[in-house]
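See below for the structure under consideration.
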Amino acid sequence: MNTLCSEGFLRFFNAMQVDSVSTDDILNLIPDALINIADEIHLGKFEVRVELPSVSQGLKEYNTLRVLYDAPEGHEIMSHSRIIKSQDKGTFCFAAFPLKGHSFSSEDKTSLDFLIKTIHSLVVKAILAEQLNRRQFTDYMTGLPNNAFFMKFSNNLSMRGSLNNYTLLFSNLKNFNYINQQYGSQVGDVVLKEYSLKLLGFYGKDEVIARFGGDNFVALIKNEHVEDYLNLIALININAATGNQIRTLAIHSRSGVYPIPSPSTNIRDAISCANASLAYAKKVADSSCIWFREEILERINHDREIISYFRTALTHKEYVVYYQPKVSLLNNRIEGCEALVRWKRGDRILPPGMFVPVLEDEGLICDLDFYVLERVCEDIRNWQRNGITPARISVNFSKHNLRNPGLIDDVIAVISKYRINPDYLEIELTESATSDDFEALTKFVDELKNHGIRTSIDDFGTGYSSLSLIKDLNVDVIKIDKSFIDNITHPDSKDLIILSSILSMVTGLGNDVIAEGCETVEQARILLELGCHMIQGYLFDKPLPHDEFTDKLAGDYVYDIKL
Ligand code: C2E
Ligand code: MG
Ligand code: MG
Numbered sequence: 003m004n005t006l007c008s009e010g011f012l013r014f015f016n017a018m019q020v021d022s023v024s025t026d027d028i029l030n031l032i033p034d035a036l037i038n039i040a041d042e043i044h045l046g047k048f049e050v051r052v053e054l055p056s057v058s059q060g061l062k063e064y065n066t067l068r069v070l071y072d073a074p075e076g077h078e079i080m081s082h083s084r085i086i087k088s089q090d091k092g093t094f095c096f097a098a099f100p101l102k103g104h105s106f107s108s109e110d111k112t113s114l115d116f117l118i119k120t121i122h123s124l125v126v127k128a129i130l131a132e133q134l135n136r137r138q139f140t141d142y143m144t145g146l147p148n149n150a151f152f153m154k155f156s157n158n159l160s161m162r163g164s165l166n167n168y169t170l171l172f173s174n175l176k177n178f179n180y181i182n183q184q185y186g187s188q189v190g191d192v193v194l195k196e197y198s199l200k201l202l203g204f205y206g207k208d209e210v211i212a213r214f215g216g217d218n219f220v221a222l223i224k225n226e227h228v229e230d231y232l233n234l235i236a237l238i239n240i241n242a243a244t245g246n247q248i249r250t251l252a253i254h255s256r257s258g259v260y261p262i263p264s265p266s267t268n269i270r271d272a273i274s275c276a277n278a279s280l281a282y283a284k285k286v287a288d289s290s291c292i293w294f295r296e297e298i299l300e301r302i303n304h305d306r307e308i309i310s311y312f313r314t315a316l317t318h319k320e321y322v323v324y325y326q327p328k329v330s331l332l333n334n335r336i337e338g339c340e341a342l343v344r345w346k347r348g349d350r351i352l353p354p355g356m357f358v359p360v361l362e363d364e365g366l367i368c369d370l371d372f373y374v375l376e377r378v379c380e381d382i383r384n385w386q387r388n389g390i391t392p393a394r395i396s397v398n399f400s401k402h403n404l405r406n407p408g409l410i411d412d413v414i415a416v417i418s419k420y421r422i423n424p425d426y427l428e429i430e431l432t433e434s435a436t437s438d439d440f441e442a443l444t445k446f447v448d449e450l451k452n453h454g455i456r457t458s459i460d461d462f463g464t465g466y467s468s469l470s471l472i473k474d475l476n477v478d479v480i481k482i483d484k485s486f487i488d489n490i491t492h493p494d495s496k497d498l499i500i501l502s503s504i505l506s507m508v509t510g511l512g513n514d515v516i517a518e519g520c521e522t523v524e525q526a527r528i529l530l531e532l533g534c535h536m537i538q539g540y541l542f543d544k545p546l547p548h549d550e551f552t553d554k555l556a557g558d559y560v561y562d563i564k565l
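One gets this note's numbering by counting positions in the sequence shown from 1 and adding 2 to each.
Have a look at this one:
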């Protein structure tokens with residue numbers, strides 16, 4: 003009977019039937035399976051050396067010598083060997099030694115070759131399955147577990163009822179964008195890989211740190227281990243080649259921390275809570291680590307509501323414009339005003355602080371700014387139609403508008419639609435941090451000037467580049483921030499000295515100046531003494547609803563304030 007179809011071979015095949023994706027499992031099965039055919043082919047010893055350089059994206063090298071069969075009777079030294087190369091430059095070296103006192107017949111060798119091919123294909127199949135499995139659950143670039151693995155891991159914990167022994171941390175690198183911009187994305191990738199290696203070295207067998215895309219990392223760490231993890235990620239130094247220099251980059255991170263309250267907590271909810279805490283750490287608290295509190299979720303839901311309802315609120319004209327007078331201390335009359343938006347939600351009037359920053363983050367603010375500009379132009383036209391001389395109105399423009407290449411055309415289109423004299427308008431802009439912004443800002447200011455529209459720098463003194471700003475920018479008005487005015491009445495106030503130098507510098511350069519947030523007669527008196535006679539503040543009026551302001555405008559109102 004031909005050995006290939008022998009009973010022994012059939013038993014060998016049966017013994018190798020297993021539903022496993024582990025290469026080790028397959029290799030472990032072979033010795034017992036070989037017993038079925040060893041005698042038939044006079045096998046004394048059988049071994050394989052497997053060398054695979056890149057089993058899973060370089061994460062683990064596979065290099066092992068396995069003795070698959072070793073007969074108690076011993077074996078001869080001359081082997082029948084076969085080397086099979088794999089596509090990724092790996093090798094399988096099989097060596098079969100005849101039983102002591104035997105040599106392999108040509109029939110034995112044919113059977114051995116068949117056996118070797120069979121074992122090789124079984125092992126390769128297992129390696130491939132293992133690779134695929136690993137790839138499905140591993141982040142390709144960093145080698146960390148991925149989102150899918152994280153979900154599987156947390157499901158297992160949930161099923162074991164131990165999820166509440168863990169804390170979920172959603173972290174994000176603080177300065178990663180800067181690294182990408184400054185040194186290029188290749189260095190960024192190296193940083194992510196090295197960073198991930200440090201994380202891989204940290205977590206224990208029953209914990210996981212997964213990469214959730216970009217520079218986001220989500221971890222399930224045992225409660226008693228959380229402080230150690232936070233300490234680790236507070237600062238990780240990475241050595242990276244930048245140009246021809248090796249630099250040590252200090253990588254700080256920010257985290258939202260959510261201790262899982264119950265074994266049955268839904269893991270997606272837990273991720274949302276940690277992520278909400280991270281968003282809070284970034285935007286509100288500017289902190290490295292925020293532990294979850296209920297109010298954080300309320301705030302995040304509130305922000306989401308603002309964003310999702312924004313377009314409807316615009317169409318329903320729920321945003322209303324209030325006007326805060328700008329008053330001259332020389333005659334107590336209204337010389338202009340600032341348009342300040344409010345959100346009328348049912349019977350509540352929400353101040354801009356509750357929705358403008360959220361709209362800025364979402365890039366929706368520009369639509370609101372243009373909406374306010376339209377309402378202002380409409381009001382100016384209506385006042386004129388009713389025989390009321392309008393005041394010059396300043397409109398706040400977020401610096402997000404500077405990204406719009408057709409910005410000036412859009413502004414002019416609105417003014418033309420209402421046939422407004424541009425002299426009635428002023429655009430308030432804030433100082434900018436980057437030079438790109440500054441270029442766009444300069445261009446916009448010049449274009450507005452060419453169309454006869456004045457500009458002002460809002461909150462002057464609180465930004466980054468105050469001095470160069472007024473020197474190089476063609477703005478008409480500087481609005482001194484309230485924070486400089488708050489303390490000027492204190493006898494030894496440093497702000498008084500700063501304010502007086504700002505005022506002499508600004509007026510020396512030929513700009514008009516206005517002080518924001520003046521609340522008391524004493525403050526107004528000092529401002530006047532220092533040469534600033536335009537005031538916007540509660541001393542005269544808070545921002546007024548349209549009709550109240552219209553009455554003051556129509557009646558040529560004079561404030562009854564004596565300095
Ligand atoms: P801002 O442009 O600096 O406006 C001045 C803010 O100071 C206004 O707050 C005003 O009510 C307040 N204020 C004026 N005088 C006093 C005072 O004497 N005491 C105190 N405590 N506060 C005073 P408001 O209306 O809450 O606006 C806050 C900020 O919201 C504005 O600061 C501006 O940055 C933003 N904002 C308002 N409307 C718009 C808009 O239509 N578009 C954009 N992009 N931002 C807007
Ligand atoms: Mg303003
Ligand atoms: Mg201001």
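Every residue, glycine too, gets a C-beta built ideally from N, C-alpha and C.
| Check | Outcome |
| --- | --- |
| Ligand 2: which residues have Cβ under 5 Å from any of its heavy atoms, chain order? | Asn398, Glu430, Asp460 |
| Quick one: residues in its chain with C-beta nearer than 6 Å to the C-beta of Phe172, no 5 flanking neighbours on either side, listed in chain order? | Val220, Gly258, Ala276, Asn277, Leu280 |
| Could you tell me if the beta carbon of Lys451 falls within a distance shorter than 7 Å of some heavy atom in ligand 1? | no |
| What's the C-alpha gap between Asp562 and Asn334? | 7 Å |
| Please confirm whether any heavy atom of ligand 1 lies closer than 7 Å to the CB of Cys379. | no |
| Roughly how many whole angstroms lie between the Cα atoms of Gly519 and Thr432? | 16 Å |
| If distances are taken between C-alpha atoms only, which option among Glu376, Ser330, Leu332, His304 comes closest to Tyr321? | Glu376 |
| Quick one: does the C-beta of Gln538 sit closer than 7 Å to a heavy atom of ligand 1? | yes |
| Flag Cys520 as yes when its Cβ comes closer than 7 Å to any non-hydrogen atom of ligand 1, and as no otherwise. | yes |
| Please report how far the alpha carbon of Leu61 lies from the alpha carbon of Asn177, in whole angstroms. | Reliability of the predicted coordinates at Leu61 is poor, the pLDDT of 46 falling under 50, and no value is obtained from them. |
| Starting from the N-terminal side, write out each stretch of the beta strand (DSSP E) that is 3 residues or longer and does not extend beyond the stretch 393-437. | 394-398, 427-432 |
| Please check the pair Tyr545 and Gln326, which I expect to be a contact at CB under 8 Å, by giving their CB distance rounded to whole angstroms. | As written in the sequence, residue 545 is Pro, which differs from the Tyr given in the question. With a Cβ gap of about 4 Å, Pro545 and Gln326 count as contacting. |
| Quick one: what's got a C-beta closer than 8 Å to Val20's C-beta in the same chain, skipping five residues either side? | Asp27, Ile28, Leu31 |
| What do you reckon, is the C-beta of Glu633 under 7 Å from a heavy atom of ligand 1? | Because the chain here runs from 3 to 565, residue 633 falls outside it and cannot be looked at. |
| Is it true that the CB of Ala252 sits closer than 8 Å to the CB of Glu239? | The identity of residue 239 in the sequence shown is Asn, whereas the question assumes Glu. Cβ atoms of Asn239 and Ala252: closer than 8 Å. |
| Throw me the rounded Cβ distance for the Ser396 and Glu441 pair, which I believe falls under 8 Å. | That pair is no contact at about 23 Å. |
| State yes or no: is the C-beta of Gln525 nearer than 7 Å to some heavy atom of ligand 1? | no |
| How long is the line joining the alpha carbons of Arg527 and Lys419, rounded to whole angstroms? | 42 Å |
| Return the residue from the list Gly557, Ile85, Thr93, Leu101 that minimises the CA-CA distance to Glu75. | Leu101 |
| Give the single residue among Asp460, Thr244, Gly338, Pro354 whose Cα lies nearest to the Cα of Val323. | Pro354 |
| Pick out the complete alpha helix (DSSP H) segments inside the stretch 199-224, 4 residues or longer, and give them in chain order. | none |
| Pick out whichever of Asn174, Arg51, Leu404 has its Cα sitting closest to the Cα of Thr93. | Arg51 |
| Sorry if obvious, but does the Cβ on Lys554 come closer than 7 Å to a heavy atom of ligand 3? | no |
| Use the C-beta contact count for Asn567: other C-beta atoms within 10 angstroms, 16 or more gives buried, fewer gives exposed. | The structure shown does not extend to residue 567, since the chain is modelled only from 3 through 565, so no value can be given for it. |
| Helix, strand or coil: which one does DSSP assign to Arg347? | strand |
| With a cut-off of 8 Å on the beta carbons, I'd call Asp514 and Val479 a contact; round off their distance for me. | 5 Å |
| Quick one, which of Ser330, Leu532, Glu53 has its alpha-carbon nearest Ile85's? | Glu53 |
| Who does Trp293 pair with in a DSSP beta bridge? | Val259 |
| Is the closest heavy atom of ligand 3 to the C-beta of Asp543 under 7 Å? | no |
| Determine the burial state of Ile504: buried for a count of at least 16 other Cβ atoms within 10 Å of its Cβ, exposed for fewer. | buried |
| With a threshold of 8 Å, are at least 3 pairs of Cβ atoms found where one atom belongs to the stretch 287-305 and the other to the stretch 505-512? | no |
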